[in-house]
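S.K.: One structure is given below, represented as C-alpha cells, and several questions about it will come after.
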Amino acid sequence: MSPPAPLLEVEDLTKRWPGTTAPAVDAVSFAIGEGERVALVGASGSGKTTLARLILRLTEPDRGSIRFAGRDLLALRGEALRRVRADLQLVFQDPLAALDPRRRVGAQVGDPLRAHGLVPRAGRPAAVAALFERVGLDPALARRYPHELSGGQRQRVAIARALACRPRLLLLDEPVAQLDVSVKAQILDLLARLRREEGLAWLLITHDLGVARTASDRILVMAEGRIVEEGPTAAVLAAPRAPATRALVAAELRLPPPPERPDQPLTAPSVSPRTM
Amino acid sequence: MRVVPLLELRDFAVSLPAEPAPVRALRGLDLELLPGERLALVGESGSGKSTALLAIAGLLPDEAEITGGRRFPALGREPMPGRDLGLVLQDPFASLDPVLSVGEQIGEVLVAHRGARWAEARRAAVVLLGRVGIAEPEARVDDPPHRFSGGQRQRIAIAMAIAAGPRLLLADEPTSALDTVVQAQILDLLDGLVREQGTALLLVTHDLAVAGRIADRIAVLYAGRLVECGPAALLLRHPRHPYTRALLAIARALEAGTGGPLAAIPGTPPEPGAEPPGCAFAPRCPLAFARCAAEPPAWRGHARDGVACHRADP
C-alpha cells in the first residue's frame with residue numbers, strides 16, 4: 000500500500016523569538032497524509048504552540064517551508080491564502096476565548112459560510128442548523144450567546160464553525176483539556192465520527208497521553224523546539240526511547256487496573272431498565 | 000478509641016443567589032475528615048465540589064444560604080484561614096499578589112499568624128521556598144511572582160498555604176492548569192508535605208487518576224449530592240455507583256486509547272435549578288428503573304464508606 004499523499008508538509012521549519020537565544024522551533028520537518036490522525040505532544044515550552052502558530056501563519060518562520068496540498072503556504076497572499084486557509088481550520092482549547100461574547104453562536108458558525116461565499120444568504124440559517132445537528136447540538140441553541148452554553152456545548156460550536164468550510168485538516172490545540180471527563184469523551188467521540196464521515200486529517204496538540212492514544216495513529220514528540228521522537232502512537236508510548244518521551248510517559252498518572260474478574264452486576268432489576 | 004474528626008459536615012446544604020432562581024449547589028452533604036487524612040472530592044462541573052471547598056474554608060459569599068452542620072471537632076472552634084486552613088487554588092495567580100515579592104507574601108503569613116518578626120519571616124520564607132523545590136531560594140526570595148513559571152508559582156502558592164503549619168490543606172484543582180510532567184511533580188510535593196507535617200488534605204478534582212495518586216479516601220459528587228465514598232484503592236477497583244463506574248470506564252478507555260466510542264455517559268447533568276424527585280443521575284443511568292426517578296436513594300453504608308443508589312449493595 001502506498002503511503003497517503005501528503006496533505007501538510009513541513010520542512011526545516013525554524014523560528015527564534017526576538018530576545019531569546021534558543022529557537023522555539025528548531026529545524027522541524029514532518030508530513031501529515033490525507034485523513035491521517037497525528038498527535039503532537041511535549042511539555043510546556045517545548046515549542047508545540049509556536050509550531051501551530053507557524054502552520055496557521057500567525058507568525059512568520061525564520062527559515063523552512065510549509066506546503067499544504069502541494070502549495071507553498073508561505074508564498075501565498077490575499078485571496079489564494081484565504082482559500083487554502085478554508086481547508087485548514089483550528090479548534091482551540093478554550094472556546095470561550097475563540098467566540099465573540101456579544102454575538103449569538105449561530106451567527107458565528109455562519110461567519111465562514113459568508114466569508115468564503117459558500118452559501119448564499121438565504122440558505123445560511125438552514126446551513127447553520129445542519130452544522131449544529133452534525134455536531135450533536137440542538138439547532139435552537141443557535142440563538143444563544145456563548146456564556147449561555149456549557150463548556151462542552153461551546154466546544155461543539157467551535158467545531159461546527161471549523162467544519163463550515165469543509166476543511167481537509169483540523170488543527171486541534173488541546174481541544175478537550177478544559178472539559179470534564181464525560182464531556183471529554185463525548186467530544187472525542189464526536190471528532191472520531193466527523194473524521195469517519197468527512198475523511199478529515201488532524202494535527203492534535205495535547206499534553207495528555209491518553210488523548211493522544213485515543214485520537215491519533217502517529218505521534219510526534221517535541222522537546223526544546225525539536226521533534227525528538229516520531230512513530231506509531233501505541234508503539235512509541237509503550238516503548239519510549241527519547242528522554243523527553245520517557246519523562247512524559249513516566250509522569251502520566253494511571254488508574255489502578257480494574258479487577259481481572261469483572262464486578263458482579265448491580266442488584267438485578269425488579270423491572271427491566273428504561274421503563275421509567 | 001474513636002478518633003475525633005477534624006471536619007464534619009452533616010446534611011450540609013448551600014444555595015447560591017442566581018437569576019431566575021437560586022442555585023442549590025449542595026443538597027445535603029455528609030462528610031467526615033480525620034486529622035492527617037487525605038480525601039479527594041471528585042466531580043464534574045456543577046457537582047458542587049468547589050462550593051463544598053469554599054464552604055469548608057468559610058469563604059462563601061455572604062448572600063449564600065447555608066443549612067446543616069459544619070463543625071471542626073478536633074479544633075474545637077471555627078478555623079482561621081491562613082493559620083488553621085491553607086488554601087491552594089487552580090490558578091496560583093489568584094492567590095499571589097503581583098506586586099509583592101514571593102518572600103514578602105510567604106513572610107506575611109508567618110507575621111500575621113505566627114507572630115514572627117519580618118527578618119525571621121524572610122529567613123523562614125527562604126527555607127519554605129527550598130522545601131517546595133524552588134532552586135536557589137536565597138536568590139529568588141525577593142522576586143515577584145511573574146518571574147516564575149506556572150509550575151513554580153503553584154509551588155510558591157503551596158509554600159504560602161503551608162507556611163503557618165495548618166491542620167487542613169484545601170486544594171481546588173491544584174494541577175489541572177499544569178502540563179503532565181509538572182502535575183506529577185506538584186502532586187508528589189503535596190503528598191510529601193502533608194505526610195511530613197501530618198496535615199489533612201481535602202483535594203477537589205475532576206480527575207480520578209489525580210485522586211487515586213494522592214488520596215486515602217475518595218468521595219464522588221453528582222448534582223450537589225454525594226453518590227459514593229470509600230477507600231481510594233477499593234473505590235477505583237470496585238466502584239459501586241453507576242456514575243462512578245461510568246466515569247472510571249471512560250477514564251480507563253481514554254488511558255488505553257483502545258479506539259471505538261468511549262462509552263460516553265449520554266445526556267448532561269440536570270440544570271442547576273432543576274429539582275428531580277428521584278436520583279439526579281437516573282435520566283443518564285443505564286441501570287435505572289421506575290423507583291430511581293421517583294424516590295431519592297438513601298445512603299447505604301456509613302459516613303466514611305457508602306453509596307447512594309437503589310441498585311447498589313453497600
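Heads up: the protein sequence lines correspond to chains A and B, in order.
Going by numbering that gives the first Met the number 0, the first residue of the first sequence is number 0, and it counts up by one from there.
Going by numbering that gives the first Met the number 0, the first residue of the second sequence is number 0, and it counts up by one from there.
Glycine included, every Cβ here is placed at the ideal spot set by N, Cα and C.
Since the structure is predicted, the reported quantities are computational estimates derived from the model, not experimental observations.
If contacts are defined as beta-carbon pairs under 8 Å, then Asp207 of chain A and Pro231 of chain A qualify, I think. What distance do you get, rounded to the angstrom?
M.R.: Actually they are not in contact, since the Cβ atoms of Asp207 of chain A and Pro231 of chain A sit about 18 Å apart, beyond 8 Å.
S.K.: Is Asp110 of chain A helix, strand or coil by DSSP?
M.R.: It is helical.
S.K.: With a CB to CB cut of under 7 Å and the five nearest residues on each side skipped, what residues in its chain are close to Met275 of chain A?
M.R.: For Met275 of chain A, the predicted model reports a pLDDT of 37, less than 50, meaning its position is unreliable; a value from the coordinates is still stated below. The answer is none, since no qualifying residue turns up.
S.K.: For Trp201 of chain A, which residues does DSSP report across the bridge?
M.R.: Beta-bridge pairing by DSSP links Trp201 of chain A to A:Arg36 and A:Leu169.
S.K.: Using a C-beta to C-beta distance shorter than 7 Å, which residues of chain B count as neighbours of His206 of chain A?
M.R.: Asp178 and Thr179
S.K.: For Leu112 of chain A and Arg82 of chain A, I'd like the C-alpha separation in whole angstroms.
M.R.: So the two alpha carbons sit approximately 12 Å from each other.
S.K.: Under 8 Å between beta-carbons, which chain A residues line up against Leu207 of chain B? List them in chain order, please.
M.R.: Val180 and Leu254
S.K.: For Pro136 of chain B, which of helix, strand or coil comes out of DSSP?
M.R.: helix
S.K.: Return the residues of the region 209-226 of chain B that lie within a Cβ-Cβ distance of less than 8 Å from chain A, sorted by chain order.
M.R.: Result list: Val209, Gly211 and Arg212.
S.K.: Give the list of continuous beta strand (DSSP E) stretches no shorter than 3 residues that lie fully inside the region 52-83 of chain B.
M.R.: 64-70
S.K.: Contact criterion: CB-CB distance below 9 Å. Does Gln153 of chain B meet it with respect to chain A?
M.R.: no
S.K.: Following the continuous alpha helix (DSSP H) through Ile54 of chain A, name the residue where it begins and the one where it ends.
M.R.: Lys47 to Ile54
S.K.: Tell me which same chain residues have a C-beta within less than 6 Å of the C-beta of Ala252 of chain B, skipping the five on either side of it?
M.R.: Leu261
S.K.: If you check the beta carbons only, do Val125 of chain B and Ile155 of chain B fall under 9 Å apart?
M.R.: no
S.K.: With a threshold of 8 Å, are at least 3 pairs of Cβ atoms found where one atom belongs to the region 51-64 of chain A and the other to the region 3-19 of chain A?
M.R.: yes
S.K.: What residues from chain B crowd round Leu202 of chain A, counting only those whose CB sits closer than 8 Å?
M.R.: None at all; the shortest Cβ gap to chain B is about 17 Å.
S.K.: Under the DSSP definition of a beta bridge, which residues are partnered with Asp304 of chain B?
M.R.: Asp304 of chain B is bridged by DSSP to B:His301.
S.K.: Looking at chain A, which residues of the region 30-51 of chain B have a Cβ within less than 8 Å of any of its Cβ atoms?
M.R.: For chain A, the residues of the region 30-51 of chain B that bring a beta carbon within less than 8 Å of one of its beta carbons are Glu43 and Ser44, in chain order.
S.K.: Going by the beta-carbon positions, is the gap between Ile249 of chain B and Ser181 of chain A smaller than 9 Å?
M.R.: Yes, these two residues count as a Cβ contact at 9 Å.
S.K.: At the 9 Å Cβ level, is Gly224 of chain A part of the contact set with chain B, yes or no?
M.R.: For Gly224 of chain A, the answer is no, since every Cβ of chain B falls outside 9 Å of its Cβ.
S.K.: I'd like to know whether the C-beta atoms of Leu167 of chain B and Leu6 of chain B end up nearer to each other than 9 Å.
M.R.: yes
S.K.: Leaving out five residues on either side along the sequence, give the residues of the same chain with a beta carbon under 7 Å from the beta carbon of Leu55 of chain A.
M.R.: So the qualifying residues of the chain are Leu89 and Leu170.
S.K.: Taking DSSP as the reference, what is the three-state secondary structure of Gln104 of chain B?
M.R.: helix
S.K.: How big is the Cα-Cα spacing for Arg70 of chain B and Glu77 of chain B?
M.R.: Rounded to the nearest angstrom, the gap between the Cα atoms of Arg70 of chain B and Glu77 of chain B is 8 Å.
S.K.: From which residue to which residue does the alpha helix (DSSP H) around Gly197 of chain B run?
M.R.: Taken as a continuous stretch (DSSP letters only), Gly197 of chain B belongs to no alpha helix (DSSP H), as it is neither H nor E.
S.K.: The beta strand (DSSP E) that contains Gly63 of chain A, what's its start and end?
M.R.: Taken as a continuous stretch (DSSP letters only), the beta strand (DSSP E) holding Gly63 of chain A covers Arg62 to Phe67.
S.K.: Indicate whether at least one CB of chain A lies closer than 9 Å to the CB of Gly132 of chain B.
M.R.: With 9 Å as the cut-off, Gly132 of chain B does not count as an interface residue toward chain A.
S.K.: Quick one: Cα of Phe11 of chain B to Cα of Ala222 of chain B, how far?
M.R.: Between Phe11 of chain B and Ala222 of chain B, the C-alpha separation is close to 14 Å.
S.K.: Distance, Cα to Cα, Met79 of chain B vs Glu107 of chain B?
M.R.: Here the alpha carbon of Met79 of chain B sits roughly 15 Å from the alpha carbon of Glu107 of chain B.
S.K.: Going straight from the alpha carbon of Arg245 of chain A to that of Gly129 of chain B, what length do you get?
M.R.: 27 Å
S.K.: Who pairs with Asp179 of chain A in a beta bridge, going by DSSP?
M.R.: Beta-bridge pairing links Asp179 of chain A to no other residue.
S.K.: Can you pull the chain A neighbours of Glu254 of chain B, defined as C-beta to C-beta under 7 Å?
M.R.: Gly209, Arg253 and Leu254
S.K.: Over what stretch of residues does the alpha helix (DSSP H) that includes Ala250 of chain B continue unbroken?
M.R.: Per DSSP, the unbroken alpha helix (DSSP H) holding Ala250 of chain B starts and ends at Pro241 to Ala255.
S.K.: Thinking C-alpha only, which one of A:Pro255, A:Thr20, A:Asp172 and A:Asp25 is nearest Arg212 of chain B?
M.R.: Of all alpha-carbon atoms in A:Pro255, A:Thr20, A:Asp172 and A:Asp25, the one lying nearest the alpha-carbon of Arg212 of chain B is that of A:Pro255.
S.K.: Verify the CB distance criterion: does Leu219 of chain A have a CB-CB separation below 9 Å to chain B?
M.R.: no
S.K.: Taking DSSP as the reference, what is the three-state secondary structure of Thr50 of chain B?
M.R.: It is helical.
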